[in-house]
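Be aware that the sequence shown starts at 1206, since it is given in the numbering used here, and climbs by one per residue.
Think of the CB as a built atom: it goes at the ideal place given N, C-alpha and C, for glycine as much as any other residue.
Remember, it's a predicted structure, so these values are computed and weren't measured experimentally.
I have placed the structure first, in the form of structure tokens, so that the comments after it can refer back to it.
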Amino acid sequence: MSVFGMMQRAEIIVRGIVQGVGFRPFTFRLATRLNLKGFVRNMGDAGVQVVVEGDKETIEKFIDSIRKERPPLSRVDDIAVSWKPYTGEFDDFRVISSDRAKLGLPSVIPPDLALCDDCLREMLDKNDRRYLYPFITCVNCGPRFTIIESLPYDRENTSMREFPLCPDCLREYHDPADRRYRAEPTCCPACGPKMVLHSADGSTVDTEDPIGESARLLDEGHIVAVKGIGGIHIACMTTEDGPVARLRRAFNRPHQPFAVMSRDLETVEGFAEVTPQEAELLTSYRRPIVLLRKGPNYSLSELISPGLDTVGVMLPYSGIHHLLLRRCRGPAYVMTSANPSGLPMITDNHEALSKLSKKVDYLLLHNRRIVSRCDDSVLKVVDGRTAFLRRSRGYVPEPVDLRFTSKRTVLALGADFNVTASVLTGSRCFVSQHIGDTEHLETLEYLRSASTHLLSLLGIERPDIIAHDLHPRYSTTRMAEKMGKDAGIRTIGIQ
């Protein structure tokens, strides 16, 4: 038998969380290590296609290694392999341009990821070209869900397309040995988004250090709006009652507990009790708000969570937050969503300047567009088990695996309070980010757009069924009925 008789071609489809997590660079390095020829590319349904040629035994080792050595933030649900005759058409292995074609069972992009240790170290390194740059990111961290408009997950399909890469970033982007190889949100001070500090009247504060100036203002007792990854927070100091009381009056939140952000776990342990399980949640790449029991040395204002023995705490998850908290002197700062009562969180700069001008003293904003707003997730550990109070940033749009398989695709729109949308397809349920109460038209529109966007990301043109609450007067019921009538889709009420 000739050497070509022992050679084979494998056309491989990988499904799961395989876009936006460094899967293509990983595949490139693995194939190169095994001396296989071919290509890898993203597909239009968030899957990855790999075509390799080489010795069959080596290809089988390659496939096995995909399962065993996959990037830590990826998830491989299925690998479909089709064996073909060897062609010899490839001279090397490459990452090629994405294909918008869909290959069947939908995969999904990852959630937004907290800043990784490598990027944090570089951001604090005076010799690094991204020193103190708040939008530093790589294949292992940074925004994903909140910046993507459509699949496949490529820069031109995200809000980062508005920031063309400079020569240095472009070189890293095309270097297989670099951590930013094919990192779609990558950027630097020369080519990426910028921070700007505004006073309440909309004028720009003259400062070369907007984040440092914001930290100083917070420590003086001012209320500052801070734009992050999935929306805008309202921040103030927590060691005095005055700023917290003023924030409550401004946003008409007399009793609602406020979440706080601390610079690190050690600082949190100074005012709250933290179990190992809670510490693991706080420091995970998901960075949720975790409800903690107040410690014996609790020193924050009692107005943070009045009448409660717990306080919601999160750690910095973006470069913006890391830099801000490192410049602040206090142990923690309120970080509550910037939205009028009952309305969606504000994400747009112009809207923030117009609607928050009489509620805050300053606004720390940036010019990266937020495609999908996403509130912080809230968790609590109960009897050793993690319970979601709000499943949103850091978890969405990851699916919930089910113990059954549905023959139909279902869009469920929820009831009226604390609403999320869900899409049932196959044996998985994809739950949207937190939407809120739908008593206001703006929130109802947010539910509609979030549902449409989720269906689009899953490659579902139209569901088979739209499910809604059985109550005939709920706004979600009326919306489901209208959507069903307009598109000719069956609706089902559920109690």
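Other residues of its chain near residue i: CB distance less than 7 Å, five sequence neighbours each side excluded
{"i": "N1572", "result": "P1398, K1399"}
{"i": "R1360", "result": "R1366, E1389"}
{"i": "G1599", "result": "P1316, D1317, R1491, R1492, P1493, S1582"}
{"i": "P1167", "result": "No answer is possible for residue 1167: the residues shown for the chain start at 1206 and end at 1700."}
{"i": "R1349", "result": "G1225, I1314, P1315, P1316, D1317, L1318"}
{"i": "H1710", "result": "Residue 1710 falls outside the range modelled here, since the chain spans only 1206 to 1700, and no answer is possible."}
{"i": "L1302", "result": "According to the sequence shown, residue 1302 is Ser rather than Leu. Counting only Cβ-Cβ distances below 7 Å, and skipping sequence neighbours, we find R1246."}
Closest residue to residue i among the options (Cα-Cα distance)
{"i": "P1549", "options": "C1321, P1521, T1643", "result": "T1643"}
{"i": "A1672", "options": "G1619, A1655, L1662", "result": "G1619"}
{"i": "P1668", "options": "L1529, L1675, R1531, A1685", "result": "A1685"}
{"i": "T1614", "options": "L1660, F1622, H1639", "result": "L1660"}
{"i": "P1339", "options": "D1297, T1391, P1369", "result": "T1391"}
{"i": "R1574", "options": "F1295, Y1567, S1504, N1554", "result": "N1554"}
{"i": "P1369", "options": "C1396, N1362, M1519", "result": "C1396"}
{"i": "E1258", "options": "R1272, F1228, S1279, E1294", "result": "E1294"}
{"i": "I1352", "options": "I1416, L1337, G1435, T1232", "result": "G1435"}
{"i": "R1229", "options": "S1355, H1658, V1300, H1527", "result": "V1300"}
{"i": "P1602", "options": "F1609, S1577, R1608, S1611", "result": "S1577"}
{"i": "C1533", "options": "F1609, R1608, S1419", "result": "S1419"}
{"i": "T1480", "options": "R1246, L1496, A1251", "result": "L1496"}
{"i": "P1462", "options": "P1501, V1473, T1515, P1415", "result": "T1515"}
{"i": "K1612", "options": "T1630, L1375, R1498, I1665", "result": "T1630"}
{"i": "N1623", "options": "R1595, A1692, L1607", "result": "R1595"}
Assigned exposure category for residue i - 16 Cβ within 10 Å defines buried
{"i": "T1488", "result": "exposed"}
{"i": "V1587", "result": "exposed"}
{"i": "D1323", "result": "exposed"}
{"i": "Y1679", "result": "buried"}
{"i": "K1432", "result": "buried"}
{"i": "T1363", "result": "buried"}
{"i": "N1247", "result": "buried"}
{"i": "S1597", "result": "buried"}
{"i": "T1541", "result": "buried"}
{"i": "I1437", "result": "buried"}
N-terminal and C-terminal residue of the beta strand (DSSP E) that residue i is part of
{"i": "R1214", "result": "1212 to 1222"}
{"i": "T1696", "result": "1695 to 1699"}
{"i": "G1631", "result": "1627 to 1636"}
{"i": "I1494", "result": "1494 to 1499"}
{"i": "F1456", "result": "No beta strand (DSSP E) contains F1456, which is instead part of the alpha helix (DSSP H) from 1446 to 1456."}
{"i": "L1616", "result": "1604 to 1617"}
{"i": "Y1538", "result": "1538 to 1542"}
{"i": "D1588", "result": "Here D1588 belongs to no beta strand (DSSP E), and DSSP marks it neither H nor E."}
{"i": "P1545", "result": "Note, P1545: premise wrong, no beta strand (DSSP E); not H, not E."}
{"i": "C1441", "result": "1437 to 1442"}
{"i": "H1673", "result": "1670 to 1674"}
{"i": "V1465", "result": "1464 to 1466"}
{"i": "T1412", "result": "Premise fails: T1412 is in no beta strand (DSSP E) and is neither H nor E."}
{"i": "T1515", "result": "1515 to 1519"}
First and last residue of the uninterrupted alpha helix (DSSP H) at residue i
{"i": "T1237", "result": "1228 to 1238"}
{"i": "C1321", "result": "First-last for C1321: undefined, no H or E at that position."}
{"i": "K1687", "result": "1680 to 1692"}
{"i": "H1658", "result": "1646 to 1662"}
{"i": "S1419", "result": "1415 to 1424"}
{"i": "L1508", "result": "First-last for L1508: undefined, no H or E at that position."}
{"i": "V1473", "result": "1470 to 1473"}
{"i": "T1488", "result": "1481 to 1488"}
{"i": "G1524", "result": "1524 to 1532"}
{"i": "A1557", "result": "1554 to 1560"}
{"i": "C1374", "result": "1372 to 1378"}
Neighbourhood of residue i by C-beta, 8 Å cutoff - its chain only, sequence neighbours within 5 removed
{"i": "D1260", "result": "M1211, M1212, Q1213"}
{"i": "I1268", "result": "A1215, I1217, I1284, V1286"}
{"i": "L1649", "result": "T1643, S1680, T1681, M1684"}
{"i": "D1621", "result": "D1642, T1643, E1644, D1674, H1676, Y1679, S1680, T1681"}
{"i": "T1263", "result": "L1239, N1240, L1241"}
{"i": "A1626", "result": "L1616, A1617, L1618, G1619, V1636, S1637, I1640, L1652, A1655, S1656, L1659"}
{"i": "E1274", "result": "F1231, L1235"}
{"i": "V1429", "result": "S1419, L1422, L1423, I1439, A1440, C1441, V1565, D1566, Y1567, L1568, L1569"}
Beta-bridge partners of residue i, as assigned by DSSP
{"i": "Y1567", "result": "S1404, V1429"}
{"i": "E1258", "result": "R1214, K1242"}
{"i": "D1304", "result": "M1248"}
{"i": "P1315", "result": "Answer by DSSP bridge pairing: none, since P1315 is not bridged."}
{"i": "P1290", "result": "Q1213"}
{"i": "V1344", "result": "According to DSSP, V1344 bridges with nothing at all."}
{"i": "R1598", "result": "D1581"}
{"i": "V1281", "result": "G1221"}
Proximity test, residue i beta-carbon vs the ligand HEM heavy atom, cut-off 8 Å
{"i": "Q1254", "result": "The model depicted lacks the ligand HEM and carries no ligand whatsoever."}
Same chain only: Cβ atoms within 6 Å of residue i, ignoring 5 sequence neighbours per side
{"i": "E1377", "result": "D1383, R1385"}
{"i": "S1562", "result": "A1405"}
{"i": "G1689", "result": "I1671, T1696"}
{"i": "S1546", "result": "N1457"}
{"i": "D1469", "result": "none"}
Residue-level contact to chain D via CB, residue i, 9 Å cutoff
{"i": "C1392", "result": "Absence of chain D from the displayed structure is noted, only one protein chain being present."}
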